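The opening position of the sequence shown corresponds to residue -1 in my numbering, with each subsequent residue numbered one higher.
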Amino acid sequence: MKEIIKVENVTFGYENFNVLEDINLTIFEKDLLAIIGPNGGGKTTLLKLILGLLKPKSGRILLFNDHPQNSRKLVGYLPQITNIDKSFPIDVFNMVLIGRYNGPLKRVNKDDILAAQKALESVGMLKYKDLHISMLSGGQFQRVLIARALVKNPKLLFLDEPTTS
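Have a look at this one:
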């Protein structure tokens, strides 16, 4: 099987406190992995390291055999905490469509629209596509965020506490 994540001897910490020490992990294509542990145990930190959002103090991380920053476009990510202002003027459909964003010069096309519809349908939220995001319950909003992570048909999906709300 093809290796998609390789974490070798990774240590990470904030200031003088190490959160993770000498972590080694290999994940292969079609693997399903759940990381469990206590609050503050470093689960989210490990995800952020693999995504290249944080840099390890030592060690090496490869994502799809490349540096995480170069492979991030192949990953769908639902963060644990989303600081989204629900009063922002956006409807459910466009919130999901943001997951297809590829830069300021790329226009939305038919494939983007179909992908957003399919992602919303997959989480049972297509009938709410025209609602303003402030009209959603916490659980409905969480499903919209999952659809946003799915909309680009990622090769790898990270869900950090997906059952929140």
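The C-beta atom is built at its ideal place from N, Cα and C for all residues, glycine as well.
The model shown is predicted, which means the values in this text are computed figures rather than measured ones.
Residue i vs residue j beta-carbon contact at 8 Å
i             : j                : result
alanine 114   : valine 94        : yes
isoleucine 2  : phenylalanine 86 : no
lysine 41     : glycine 50       : no
isoleucine 33 : valine 5         : no
leucine 31    : lysine 153       : no
glycine 101   : alanine 147      : no
Secondary structure of residue i, DSSP reduced to three states
i            : result
arginine 58  : strand
tyrosine 75  : strand
isoleucine 3 : strand
leucine 103  : coil
leucine 31   : coil
lysine 125   : helix
Identified DSSP bridge partners for residue i
i             : result
asparagine 16 : Gly11
leucine 165   : No statement about residue 165 is possible, as the shown extent of the chain runs from -1 to 163 and does not include it.
histidine 130 : Asp89
Residue range of the alpha helix (DSSP H) that includes residue i
i                 : result
leucine 49        : 41 to 49
leucine 118       : 108 to 120
phenylalanine 156 : Not the alpha helix (DSSP H): phenylalanine 156 falls in the beta strand (DSSP E), residues 154 to 157.
asparagine 92     : 90 to 95
isoleucine 144    : 136 to 148
asparagine 68     : 66 to 69
Integer-rounded CB distance, given that residue j should sit under 8 Å from residue i
i             : j             : result
lysine 55     : glycine 122   : Going by Cβ atoms, the distance from lysine 55 to glycine 122 rounds to 42 Å, so no, they are not a contact pair.
isoleucine 25 : leucine 44    : Not quite, the Cβ-Cβ distance comes to about 11 Å (not below 8 Å), so this is no contact.
tyrosine 126  : glutamine 140 : The pair is not a contact, with the Cβ atoms about 13 Å apart (cut-off 8 Å).
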